[in-house]
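To convert, take the position in the sequence shown, counting from 1, and add 283; that gives our numbering. Everything on this sheet refers to the single structure shown next.
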Amino acid sequence: MKILLTTLLLLFSFWGSLTRIHDRNAAVRRGAEAYANRQYAEAALAYRGAALELKETDDALWLNLAHATLRAGRPAEARTYYGRLLTSPNRQMRSVALQQLAALAADRGEYAPAVALLRQSLLADASNTGARYNYEVLRRFLAGRTTPPPPPPPSTDASPKKQPDGPREQQTQPKAGPGTPGQRPDPTQPNDPSSTPQAR
C-alpha cells in the first residue's frame, strides 16, 4: 500500500511539473507571436504570466518581458525588469540590460548616468557594439556640451512689475510710402555712394 501511495504521489508531482512546463512554453509562444505582430501590451502580458506567475528564472524570458513592456509604453515598469538582469551570470544578458537602462536614462536627459551605465555594459561584454556606439556618441556629446549660462541676477525690486489692466494704447507704426524719408531718394539728403542710382 505504501508503494502505491508513493508511486501516485510521484506521478502527480511529475504531472504538475509537466503542466507547469507546458504552461510556460505556451505563454512564451503567445508572447513571441504578439511581439512579432507588434502587439506589445499582449506580449508583455504573456511574458509576465510566464515570468511572475510561473516563477520562471530564465534571463531571456525576463529580457523579452522588459523589451515588450518598454515597447508597450511603460518605461518605469520595464526599468524594473531590466534591473532584475543586473545580477545575471550571463554577461551578454547583463550587458544588454545595462545598455537598455542607459537608453532609458538618456531619454530622461540623464546623460552622465547613461554614460556610466554604458561603461558598465561594455565591462560586462566588450563585444556589445551597440553599447560601444552609444557610449562614444554620448561621451562626445557630453564633452562638447557647454555649461548653460547662469540665470540672470534677481532684480532689486522683489515684486514683478504689474501690467496695467484694460486696453493698451496702440503705438503708431511708421508706414512706407513716397512721403516717408528713406523710402525713395530724398533730394534734401546727401547722396549715398553705396546706394544704387535711381532714374529721376
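The beta carbon of each residue, even a glycine, is placed where N, CA and C say it ideally should be. Remember, it's a predicted structure, so these values are computed and weren't measured experimentally.
- Cβ contact annotation for N417 (same chain, cutoff 6 Å, sequence separation greater than five): L401, in chain order.
- For A351 against Y323, the beta-carbon gap comes to about 5 Å, under 8 Å, which counts as contact.
- The beta carbon of A343 is closer than 6 Å to none in its chain, skipping five residues each way along the sequence.
- Under the DSSP assignment, E393 falls outside any alpha helix (DSSP H); it carries neither an H nor an E label.
- With respect to the 9 Å criterion, Q375 and D408 are classified as neighbours on the basis of their beta carbons.
- Between R307 and the set E325, A333, A329, R422, the nearest pair of CA atoms involves A333.
- Bounds of the alpha helix (DSSP H) holding D342 are 342-354.
- The straight-line gap separating the alpha-carbon atoms of T370 and L381 is approximately 11 Å.
- Under the three-state reduction of DSSP, A386 is assigned to helix.
- In the DSSP assignment, G366 falls within the alpha helix (DSSP H) that extends over 358-367.
- In this structure, A385 keeps its C-beta atom at 9 Å or more from the C-beta atom of R354.
- With respect to W345, R367 sits close: the two C-beta atoms are nearer than 9 Å.
- In this chain, G332 is not harboured by any alpha helix (DSSP H), its DSSP state being neither H nor E.
- Taking C-beta atoms as the reference points, A309 and N347 fail to come closer than 9 Å.
- Counted as a single uninterrupted DSSP element, the stretch harbouring A409 is not any alpha helix (DSSP H), since DSSP gives it neither H nor E.
- Distance from the Cα of P396 is smallest, within the candidate group L421, G413, R415, for L421.
- Each residue's CA atom was taken as its position, placing G427 and S404 some 23 Å apart.
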